[in-house]
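Protein chains in written order, with the UniProt record's numbering: chain A, 1 to 174; chain B, 1 to 174. Below you'll find the structure, written out as structure tokens, and then a few comments.
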DNA sequence: CCTGAAAAATTATTCGC
DNA sequence: GCGAATAATTTTTCAGG
């Protein structure tokens, strides 16, 4: 009870902001995260050997990293190539209403589109940039016409097609 | 031996292109992938219950999906917030040399920068768009100055700072 | 191609030190 | 934090439909 309260206290600083937790991670934690980030199914025994500790503390550290929310989950990574989903397009969306309520509506609607892999609101015009993954150009056109253009408060869109994936997804720690 | 040959044959069509495999996935495979994509550590027994089969065929299907390269691995997902890495910037890079050798050099160098989470070559000017994750604006400036501006054959760059992550990363199937 | 249960292997947890 | 013993899970195997 007392411990939990302590953890809560360090998570929010005096300004009420969520503080960084990474500066409390030592070298071993970093190694554990680096390994788990590359192979989520590595046995604790092997991980312990790699980081130079025994199983007990490594298992405890992993549990702790999960409990503080630093590890949010474990996921299988699929091959876009084998799925036939290699067509990547970045779409810039400009809004015709940039009031908070309109943005909230837009955000919620975007999150319901599975083809939108990422979406960020970009400074300097209150526009959005989203990454759309599709089967091919025809598939993208359909997604743009049916799902993106029809999002609430969308002004116009500008699409930028990828010719090559140089870095597909990088899970390494900064 | 004969089976393997057969598998090989369906992976490349008469044009030599890698063919899609997703249209050979039945509903059960899709369910398995959907689950594993959300929780890589789900026990086979529980997965079997969810998809309505016994453990044996589910374990075989998972192994098969791994062997054909559709599942490329399992990874722990970390919280950017807890890592103190919430600052996302998209950088457009235009090249002053767009010949193939220069592009190859650039690609290789980009892949060595851990802060570059994604990087795509974009049609319509042979430019690149990359997503950079940093601690804050000061951190980003350093990365831009020291790591991105100094990449081989870079002309100029244009940075677009994210104000809000609407969709951070979407692993759902298309 | 799937079922269901038994067997084997691996993995996680719990101790005293 | 260590290392061994214990306990729990999971994967594999196999006969049968």
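Glycine is no exception: its CB is placed at the ideal position from the N, C-alpha and C atoms.
Cross-chain neighbours of residue 162 of chain B in chain A, by beta carbon under 7 Å:
120, 121 and 122
What separation, rounded to the nearest whole angstrom, lies between the Cα atoms of residue 127 of chain B and residue 114 of chain B?
20 Å
On a Cα-Cα basis, can you pick out the residue from B:26, B:112, B:109 and B:148 that is closest to residue 62 of chain B?
B:26
Are the Cβ atoms of residue 82 of chain B and residue 70 of chain A separated by less than 7 Å?
yes
Based on the DSSP output, what are the partners of residue 92 of chain B in its beta bridges?
B:129 and B:158
Members of the UniProt domain "HTH asnC-type" (25-86) of chain B near chain A, C-beta cut-off 8 Å:
33, 36, 37, 38, 39, 40, 41, 68, 69, 70, 71, 72, 73, 74, 75, 76, 77, 78, 79, 81, 82, 83, 84 and 85
With DSSP as the reference, please indicate the residues paired to residue 134 of chain A in a beta bridge.
A:87
Identify which residue in B:48, B:52, B:53 and B:165 has its Cα closest to the Cα of residue 123 of chain A.
B:165
From this set, A:125, A:171, A:29 and A:159, which residue's C-alpha is nearest residue 177 of chain A's C-alpha?
Since the first residue shown for chain A is 1 and the last is 174, residue 177 of chain A is missing from the structure and cannot be characterised.
Following the continuous beta strand (DSSP E) through residue 75 of chain B, name the residue where it begins and the one where it ends.
71-78
Any C-beta of chain A sitting closer than 7 Å to the C-beta of residue 152 of chain B?
no
Consider the Cβ of residue 96 of chain B: report whether some Cβ of chain A lies at a distance smaller than 7 Å.
no
Taking only beta-carbon positions, decide if residue 170 of chain B is within less than 7 Å of chain A.
yes
Identify which residue in B:92, B:59 and B:32 has its Cα closest to the Cα of residue 162 of chain A.
B:92
Sort out for me which residues DSSP pairs residue 118 of chain A with in a bridge.
A:131
Give me the chain A residues within the contact set of residue 107 of chain B, using Cβ-Cβ distance strictly less than 9 Å, ordered along the chain.
164, 166 and 167
Per-residue contacts from residue 142 of chain A into chain B (C-beta, under 7 Å)
Residues of chain B passing the Cβ test: none, with the nearest at roughly 12 Å.
In whole angstroms, what separates the C-alpha of residue 86 of chain A from that of residue 78 of chain A?
12 Å
Using 10 angstroms around the beta-carbon of residue 155 of chain A, count the other beta-carbons present and answer buried if the total reaches 16, otherwise exposed.
exposed
Using a Cβ-Cβ distance cut-off of 7 Å, determine whether residue 116 of chain A contacts chain B.
yes
Under 9 Å Cβ-Cβ, which residues of chain B neighbour residue 93 of chain A?
Going along chain B, no residue has its Cβ under 9 Å from residue 93 of chain A, so there is no contact; the nearest lies around 11 Å.
Contact list for residue 111 of chain B against chain A, beta-carbon separation under 9 Å
166, 167 and 170
Contacts around residue 117 of chain B, its chain only, beta-carbon distance under 6 Å, and the 5 residues preceding and following it disregarded:
131 and 133
Alpha carbon to alpha carbon, how far is residue 98 of chain B from residue 30 of chain A? Give it in angstroms, no decimals.
38 Å
Quick check: the stretch 48-64 of chain B against the stretch 43-51 of chain A, are at least 3 beta-carbon pairs closer than 8 Å?
no
Residue 157 of chain A to residue 109 of chain A span [Cα, whole Å]:
16 Å
For residue 43 of chain A and residue 43 of chain B, I'd like the C-alpha separation in whole angstroms.
15 Å
I'd like to know whether the C-beta of residue 132 of chain B is nearer than 7 Å to at least one C-beta of chain A.
no
Tell me the DSSP secondary structure of residue 1 of chain A in three-state form.
Low confidence applies here, because residue 1 of chain A scores a pLDDT of 26, under 50, leaving its location unreliable; read the following figure in that light. Note: residue 1 of chain A maps to coil in three-state DSSP.
Contact check, residue 74 of chain B vs residue 111 of chain A, beta carbons under 7 Å:
no
Quick check on DSSP: helix, strand or coil for residue 100 of chain A?
helix
Identify which residue in A:107, A:142, A:137 and A:139 has its Cα closest to the Cα of residue 129 of chain A.
A:107
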